[in-house]
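Just below is one structure, and these are the notes that go with it.
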Amino acid sequence: MRGVLVFIVAPEKGFEYRTACEAIGGQYLRIAPGSDDCINLMEIRRTTLDIDSNMTDNVQRSDSVLLDKVQDIHTYLRLRYPEMTPEESYQLNIALLECYESFGITKDNASLLKPDGSFKDMPDFAHLYPFLLKYPVLKNVALAVKELIDFGMGGQTNVDLTSSFIVFDTSGNKQRDISSSTFIATSFIRDEASRSRTRKKAVIGDELWLIAGNEGNEQAADFVIELAKTIRGYGGIFVSATQNTIEFPDSGLVTNIFLCINCLQFLNEVGKICFLSRSWCFCSCWLYGFFYQTVPCSAGWAFSIPLWAFKSALLTAENGF
Numbered sequence: 000m001r002g003v004l005v006f007i008v009a010p011e012k013g014f015e016y017r018t019a020c021e022a023i024g025g026q027y028l029r030i031a032p033g034s035d036d037c038i039n040l041m042e043i044r045r046t047t048l049d050i051d052s053n054m055t056d057n058v059q060r061s062d063s064v065l066l067d068k069v070q071d072i073h074t075y076l077r078l079r080y081p082e083m084t085p086e087e088s089y090q091l092n093i094a095l096l097e098c099y100e101s102f103g104i105t106k107d108n109a110s111l112l113k114p115d116g117s118f119k120d121m122p123d124f125a126h127l128y129p130f131l132l133k134y135p136v137l138k139n140v141a142l143a144v145k146e147l148i149d150f151g152m153g154g155q156t157n158v159d160l161t162s163s164f165i166v167f168d169t170s171g172n173k174q175r176d177i178s179s180s181t182f183i184a185t186s187f188i189r190d191e192a193s194r195s196r197t198r199k200k201a202v203i204g205d206e207l208w209l210i211a212g213n214e215g216n217e218q219a220a221d222f223v224i225e226l227a228k229t230i231r232g233y234g235g236i237f238v239s240a241t242q243n244t245i246e247f248p249d250s251g252l253v254t255n256i257f258l259c260i261n262c263l264q265f266l267n268e269v270g271k272i273c274f275l276s277r278s279w280c281f282c283s284c285w286l287y288g289f290f291y292q293t294v295p296c297s298a299g300w301a302f303s304i305p306l307w308a309f310k311s312a313l314l315t316a317e318n319g320f
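With the first letter of the sequence shown counted as 1, position 153 gets the number 152 in numbering that gives the first Met the number 0; the numbers rise by one all the way through.
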């Protein structure tokens with residue numbers, strides 16, 4: 000995608016993106032219980048938390064990547080087991096660190112790599128489960144982890160996460176699973192986006208009313224809001240599309256993030272990002288003027304663009320039109 004990392008979060012009808020995604024060599028992922036696709040949340044894919052580590056004049060920081068990952072796992076398991084007590088939380092920390100240590104991974108970032116510079120093998124929830132059983136106080140946490148394993152969500156990563164175009168289809172989730180599945184997507188995107196501020200990246204949320212609207216999931220909405228608020232600091236943009244902004248609540252996602260601007264200005268910005276001509280954008284605005292999508296963007300935009308133009312813009316750019 001011309002050097003731009005593209006991540007799409009689709010909590011409704013995510014299958015609509017599959018054909019276009021696969022046509023350009025992207026990775027389509029269905030994040031839901033029973034899916035063949037699995038992302039190992041316990042896998043560590045970076046050796047530093049320093050977003051400016053690739054800048055030559057900066058002093059390199061050594062903040063622990065492992066402890067940051069432990070926080071993510073904590074958040075995820077709390078979504079699966081909201082009644083977690085402070086005692087369980089403390090003991091879970093110990094179990095997690097013991098599990099990673101069994102793989103030779105400690106708070107020292109250097110321990111993440113083999114002598115040849117490649118990443119060490121990483122534990123997954125199936126490896127964590129026996130460590131939880133060691134502590135009677137973690138009985139309920141162990142049950143939550145066992146459920147993940149039984150539903151195929153606790154194993155090793157079996158998909159290509161190095162693609163520059165990834166679609167996270169979370170539309171197959173029941174209400175109780177929406178927040179945890181959304182967290183898997185947003186935590187991965189945040190992790191990848193925060194690797195460097197110098198690479199361009201775009202996060203697209205389609206039909207986010209499903210998780211941010213009045214009938215949505217408050218925790219899942221918070222994850223998306225936080226990502227939208229911080230993505231510009233990582234050198235990226237956030238775009239959200241819906242057919243009608245009335246589907247969003249009076250406060251929350253829209254109020255916190257979005258302002259208004261005209262359609263043509265946005266299309267010009269899309270053209271710059273996707274290497275489209277001004278005439279292409281202008282014609283799209285006119286030819287599909289009756290089939291608008293309302294699209295808010297964290298750069299301070301909220302406006303209408305054609306659904307067809309929005310969903311095919313990246314594919315069109317890739318094909319050189």
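Backbone N, C-alpha and C define an ideal beta-carbon position, used for all residues, glycine too. On a predicted model such as this, the values are computed, not experimentally measured, just so you know.
Identity of the residues DSSP links to residue i by a beta bridge
| i | result |
| --- | --- |
| K145 | None; K145 has no bridge partner. |
| G33 | The partner list for G33 (beta bridge, DSSP) is empty, contrary to what the question assumes. |
| A9 | D168 |
| I203 | I7, V238 |
| L112 | F118 |
| L28 | F167 |
Residue i and residue j closer than 8 Å at C-beta
| i | j | result |
| --- | --- | --- |
| D123 | Q90 | no |
| F164 | C20 | yes |
| I43 | D36 | no |
| R79 | L147 | yes |
| G235 | V223 | no |
| I72 | L95 | yes |
| E86 | V136 | yes |
| Y75 | L40 | yes |
| D190 | R45 | yes |
| S63 | N108 | yes |
| A184 | I230 | no |
| E97 | F130 | yes |
| R196 | I50 | yes |
Where the alpha helix (DSSP H) containing residue i begins and where it ends
| i | result |
| --- | --- |
| V158 | First-last for V158: undefined, no H or E at that position. |
| V69 | 64-79 |
| T181 | 174-192 |
| N92 | 85-100 |
| F150 | No alpha helix (DSSP H) holds F150; DSSP gives it neither H nor E. |
| P129 | 124-132 |
| R60 | Here R60 belongs to no alpha helix (DSSP H), and DSSP marks it neither H nor E. |
| R17 | 17-22 |
Cβ-based burial, residue i [other Cβ within 10 Å; buried from 16]
| i | result |
| --- | --- |
| G33 | exposed |
| G25 | buried |
| C259 | Note on C259: pLDDT 34, under 50, position unreliable in the model; no value is reported. |
| G13 | buried |
| V238 | buried |
| A22 | exposed |
| S66 | According to the sequence provided, residue 66 is Leu. The question's Ser does not apply to it. Flag for L66 reads exposed. |
| P10 | buried |
| G232 | exposed |
| S162 | buried |
| S186 | buried |
| N157 | exposed |
Exercise. Any chance the segment 0-18 sits against the segment 139-148, with 3 or more Cβ pairs inside 8 Å?
Worked result: The segment 0-18, when compared against the segment 139-148, does not touch it at the 8 Å Cβ threshold.
Exercise. Would you call the segment 169-182 and the segment 106-123 in contact, with 3 or more CB pairs under 8 Å?
Worked result: With the cut-off at 8 Å, the segment 169-182 and the segment 106-123 do not touch.
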